[in-house]
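In terms of the numbering used here, the sequence shown opens at residue -6 and continues consecutively. Beta carbons: idealized from backbone N, C-alpha and C, even for Gly.
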Amino acid sequence: MMRRQSEDDDNEQSRALQDLSSLVLNILRDSRRRRSTVPQQITPAGFASLMLGISLTLMLCGSVTFFIGFLLLPWVVGLVMLFYLVGLLSGLSVLGRTLLYYATSPSPPSSPTTSPKHIPVSSRERASAIPGPEDHQ
-6 MMRRQSEDDD
4 NEQSRALQDL
14 SSLVLNILRD
24 SRRRRSTVPQ
34 QITPAGFASL
44 MLGISLTLML
54 CGSVTFFIGF
64 LLLPWVVGLV
74 MLFYLVGLLS
84 GLSVLGRTLL
94 YYATSPSPPS
104 SPTTSPKHIP
114 VSSRERASAI
124 PGPEDHQ
């Protein structure tokens, strides 16, 4: 029984697909014939029907797009929140690592023997710090 029903469904689907493709082929075939003839004037009813079809198509496409966006919105918001949380945790870990390093680092010795070397600031001190040819003798 189930097998027969699925075969009937397949036959209906293939029949509908054949009807649709023959309709499209007939429209394409007719459009080639009409090109060779003199273009006909469109009636106001035909123009209104064309505009109605275009507006209906745009409304349906817009509705489908809105529905897809509406379904995906929670996922997008969830990903944004996840990335925000990851950024927050990353910043906190950097801050914690900095504080932990500062708290556990040994205090610098206060004896003058380990003071840093004098770095010349003025141009005269800079010039005197660079060894010249007379310093090598």
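Limits of the alpha helix (DSSP H) - the one that residue i falls within
i, result
"residue 58", "37 to 97"
Secondary structure of residue i, DSSP reduced to three states
i, result
"residue 100", "coil"
"residue 33", "coil"
Residue i at chain B interface by Cβ criterion, 8 Å
i, result
"residue 92", "Of the chains in the structure shown, none is chain B; there is only one protein chain."
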